[in-house]
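Sequence lines, in order, name chains X and F. Letter by letter, the first sequence follows residues 1 to 290 of my numbering. Letter by letter, the second sequence follows residues 1 to 173 of my numbering.
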Amino acid sequence: MLQRRRLRGRRRLRRLRRIVNEAPRLGVGLSYRPSFRAELFAARARVDFLEIIADHYFDAPREKLDELDLLAAHFPLAPHGLDLSLGSAEGLDPAYLDKFAALVDRLDPPWWSDHIAFTRAGGVSIGHLAALPRTQEAIDTLARNVEQARRAISAPLILENPTEAFPAPGAEMDEPEFVARALGACDCGWLCDVTNILTNAVNQGHDWRAELDRWPWPRAVQAHFAGGRIARDGRWIDSHDRPAPPEVFDLLGELSRRGALRGIILERDEDMPAFGDLLAELDRAREAIA
Amino acid sequence: MTLAETQAELARLFTMRAARGQQAPDGLTSEIERFAKGLIAKRRLDVAKWLPLTAKVLGPALGAQLREALAEPPPGARADALALVARLQTAREPPWIGELAAYEGEFLRAWAPQARLALRFYRWPVPRIAERLAAGEAVIDDAPSPTLALWARPPGGWLRHWWWAYGGQARSV
Ligand SMILES: [Fe+2]
Chain X
1 MLQRRRLRGR RRLRRLRRIV NEAPRLGVGL SYRPSFRAEL FAARARVDFL
51 EIIADHYFDA PREKLDELDL LAAHFPLAPH GLDLSLGSAE GLDPAYLDKF
101 AALVDRLDPP WWSDHIAFTR AGGVSIGHLA ALPRTQEAID TLARNVEQAR
151 RAISAPLILE NPTEAFPAPG AEMDEPEFVA RALGACDCGW LCDVTNILTN
201 AVNQGHDWRA ELDRWPWPRA VQAHFAGGRI ARDGRWIDSH DRPAPPEVFD
251 LLGELSRRGA LRGIILERDE DMPAFGDLLA ELDRAREAIA
Chain F
1 MTLAETQAEL ARLFTMRAAR GQQAPDGLTS EIERFAKGLI AKRRLDVAKW
51 LPLTAKVLGP ALGAQLREAL AEPPPGARAD ALALVARLQT AREPPWIGEL
101 AAYEGEFLRA WAPQARLALR FYRWPVPRIA ERLAAGEAVI DDAPSPTLAL
151 WARPPGGWLR HWWWAYGGQA RSV
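Given below as structure tokens:
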């Protein structure tokens, strides 16, 4: 029994080392959107890598897959999923998982990612990420689903901390502890969305600087950053439609000092600015981690 | 409550207006309502991505048209967009909006790896209207003109599209 536990411990350590230390350094890049395709190729040297939304390439026509091959020929790509619903108590959708596996197979990326969240429950597809109740049961469920995903996809999986519209009922722990325990239970690297950390801290009335020592920084492999709107009541809205505010770059700096970050991605989805403005934000991220 | 029960309950509350009216849990009513509103806004943005020209013409009216078209629970962004296309078939402002939506909807239906062949007839020259809208023009002066449009995708191949408007030249896109 003890031997088996030790063996499992050693295997976990090896896996963590492989994910966190052996992952290549990809640099600073963008979450790809077709609207800036022409400008992207014109400024290829200033974008180190791309994250692609995996869902956009499932059941996609030939022209979309040809676009993917073109991107893959010029940039390292990291596929990012939105709808695997790794936190669903009812388990994963095998058809969706098969599509994800086929995409990862096609790209052979250094890692792939999805969220510590659920998007499907009780036969309802929410159409957006919903935060998990911060409970041990949710962590066990996530770990079970991650194990199933791993059987289908052998490339390393990293998990992203989502925004919490509100803490789901029945919380047994706070957010930093939940994310740390979830990543530990799943043996996964961390896709640290710094904007999500700040958004949750502001909206739930926490001081993010006071909580800095409690996040699992050594597990961080990749970061997301973005800007959003501030509602009339002062709440932050994670709308990915504004330049990132200064706090985001402060936290990116903290993250790079405390972890072995391999890549940073700017997420911009709406109100697309001139492409030069996106490049300037990438440069600002490079300065923050220098 | 088990995790499965909590998640199913939250998913229903997030996506179904009637469920929210009946049984939103104490203390979370406004949070759940806010999340539900955010979901509707996201569905609107997703539909505008699938039907960009239709959304551009509708402008602020998109929200109201869509509210009437959105099914519960959410069937997915493409189904939302096609529901809007169906709803707009009775809309008359501008008079070609229904046909423009149907025309954009055909590209959406062809967004799949499978072979596809579709031939459609329009009373308005919606392909030409679409080109002008895409070029940034405000289209207010077009007149009816019988138009045929063809979409063809060979198995595993790229989509091809042709159209002919009476009184104009045949075009291939
Ligand atoms: Fe993110």
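Backbone N, C-alpha and C fix where the C-beta goes; we use that ideal spot for every residue, glycine too. From a predicted model like this one, the values you see are computed outputs, not experimental measurements.
- Of the heavy atoms belonging to ligand 1, none sits nearer than 7 Å to the Cβ of Asp105/X.
- Using a Cβ distance threshold of 8 Å, Ala244/X and Glu281/X count as a contacting pair.
- In this structure, DSSP gives Val221/X an extended state, which the three-state scheme calls strand.
- In the DSSP annotation of this structure, the continuous segment of the beta strand (DSSP E) that includes Tyr122/F starts and ends at Arg116 to Tyr122.
- Per the C-alpha coordinates, the member of Trp164/F, Ile97/F, Ala79/F and Pro95/F positioned closest to Leu108/F is Ala79/F.
- Proximity of Lys37/F to chain X, defined by a Cβ-Cβ separation below 8 Å, is not satisfied.
- The beta carbon of Arg67/F does not come within 8 Å of any beta carbon belonging to chain X, so the residue lies off that interface.
- Annotation for Val124/X: the continuous beta strand (DSSP E) segment containing it runs Val124 to Ala131.
- Residue pairing from DSSP places Ile264/X in a beta bridge opposite Val28/X and Ala223/X.
- For Glu63/X, at least one C-beta of chain F is nearer than 8 Å to its own C-beta.
- Within chain F, no residue has its beta carbon less than 7 Å from that of Val104/X; the closest one is some 18 Å off.
- Judged by DSSP in its simplified three-state form, Pro79/X adopts strand.
- Cβ neighbours of Ile139/X within its own chain (closer than 7 Å, five residues either side excluded): Arg181, Ala182 and Ala185.
- Close to Asp59/X, with beta-carbon spacing below 8 Å, are these residues of chain F in chain order: Ala112 and Pro113.
- Listed by position along the chain, the residues with Cβ atoms less than 5 Å from a non-hydrogen atom of ligand 1 are Asp193/X and His224/X.
- Interface with chain X (8 Å Cβ-Cβ cutoff): Trp158/F is included.
- Not a single CB atom of chain X sits nearer than 8 Å to the CB of Leu84/F.
- For Glu137/X, the nearest beta carbon of chain F is closer than 8 Å to its own beta carbon.
- In this structure, the alpha-carbon of Gln114/F lies about 8 Å from that of Arg153/F.
- For Gly76/F, the C-beta contacts it makes with chain X under 9 Å involve Ser125 and Gly127, in order along the chain.
- In the three-state reduction of the DSSP assignment, Arg258/X falls in the helix class, which pools H, G and I.
- Excluding its 5 nearest sequence neighbours in each direction, Ala69/F has C-beta neighbours in its own chain below 8 Å: Asp80, Ala83, Leu84, Ala86 and Arg87, listed in chain order.
- For secondary structure counted as the beta strand (DSSP E) over 3 or more consecutive residues, the segment 128-178 of chain X holds these complete runs in sequence order: 157-160.
- In the three-state scheme derived from DSSP, where H, G and I count as helix and E and B as strand, Leu28/F is classed as coil.
- Beta-carbon to beta-carbon, Leu53/F and Glu63/X are separated by about 19 Å, too far to satisfy the 8 Å threshold.
- The beta carbon of Arg153/F falls within 8 Å of a beta carbon belonging to chain X, placing the residue at that interface.
- Boundaries for Gly189/X: no alpha helix (DSSP H) harbours it, while the beta strand (DSSP E) harbouring it runs Gly189 to Asp193, taken from the DSSP string.
- Pairing Thr141/X with Ala89/X gives a Cβ-Cβ distance under 8 Å.
- Leu97/X: member of the alpha helix (DSSP H) spanning Pro94 to Leu107, first to last residue.
- Taking 8 Å as the CB threshold, Ser88/X lines the interface with chain F.
- For Glu51/X, the enclosing beta strand (DSSP E) stretches over residues Leu50 to Ile53.
- Ala210/X counts as exposed, since fewer than 16 other C-beta atoms from the protein chains shown sit within 10 angstroms of its C-beta.
- Annotation: Pro94/F to Ile140/F spans about 8 Å, alpha carbon to alpha carbon.
- In its chain, beyond the 5 residues on either side, Arg235 and Trp236 have a beta carbon closer than 7 Å to the beta carbon of Asn203/X.
- For Ile116/X, the three-state secondary structure derived from DSSP is coil.
- Between Leu71/X and the set Leu84/X, Pro109/X and Gly81/X, the nearest pair of CA atoms involves Pro109/X.
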